[in-house]
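Given below as structure tokens:
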């Protein structure tokens, strides 16, 4: 959940920097072309928000919550990876500046994959229970 909140905050701060040029949330992003900045902020903001919504799903259909969360994590992973790649291009020697977002992207990717595994496990268990009850 913390990574999703970081992604949302990151996305919001970057969007704010597009409208307030003197506000620079990240020196490394200041070197990036604006289409990359928009891509990163869109992926992170949208992905983080979707991850939070899916993680805190209130509906009866848990599969919908999983799908929303998973889609959000794919977006978040893409945003962090794009950011890490762009920073590493401009500042290859600044390992921390691109390594942390890369790690967050990998963590987002792992969470997206874990949702697939959780869903498969739950479906298999439900199938076994159903077969046992009707068997």
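In the numbering used here, the protein residues as written are 4 to 138. Think of the CB as a built atom: it goes at the ideal place given N, C-alpha and C, for glycine as much as any other residue. Since we're looking at a predicted model, the values are computed, not measured.
Open item on the list: Could you tell me which whole alpha helix (DSSP H) segments of length 4 or greater appear in the stretch 65 to 107?
Closed with: 65 to 93
- [ ] Just tell me which of 51, 104 and 30 has its CA closest to the CA of residue 83.
- [x] Along the chain shown, read from residue 1 onward, the residue named residue 83 stands at position 80. Per the Cα distances, 104.
Task: Cβ contact check for the stretch 116 to 134 and the stretch 60 to 75: 3 or more pairs under 8 Å - done: yes
TODO: Taking only the alpha-carbon atoms, compute the straight-line gap between residue 36 and residue 19 and give it to the nearest angstrom.
DONE: Taking the chain shown and counting its residues from 1, the one referred to as residue 36 is at position 33. Taking the chain shown and counting its residues from 1, the one referred to as residue 19 is at position 16. Residue 36 and residue 19 have their C-alpha atoms roughly 16 Å apart.
Task: Coarse secondary structure for residue 46, derived from DSSP in three states - done: For this step, residue 46 is matched to residue 43 along the chain shown. Three-state DSSP puts residue 46 in a helix.
TODO: Compare the beta carbon distance of residue 74 and residue 52 with 8 Å and say whether it is the shorter of the two.
DONE: Working through the chain shown from its first residue, we reach residue 74 at position 71. Working through the chain shown from its first residue, we reach residue 52 at position 49. Their beta carbons are not under 8 Å apart, which means residue 74 does not touch residue 52 by this criterion.
Task: Three-way DSSP call (helix, strand, coil) for residue 22 in this model - done: Translated into positions along the chain shown, residue 22 becomes position 19. In the structure shown, residue 22 sits in a helix (DSSP, three-state: H, G or I).
TODO: Enumerate in chain order the residues of its own chain whose CB-to-CB distance from residue 43 is below 7 Å, with the five nearest sequence positions on each side excluded.
DONE: Along the chain shown, read from residue 1 onward, the residue named residue 43 stands at position 40. Closer than 7 Å at Cβ, skipping near neighbours: 17, 82, 85 and 86.
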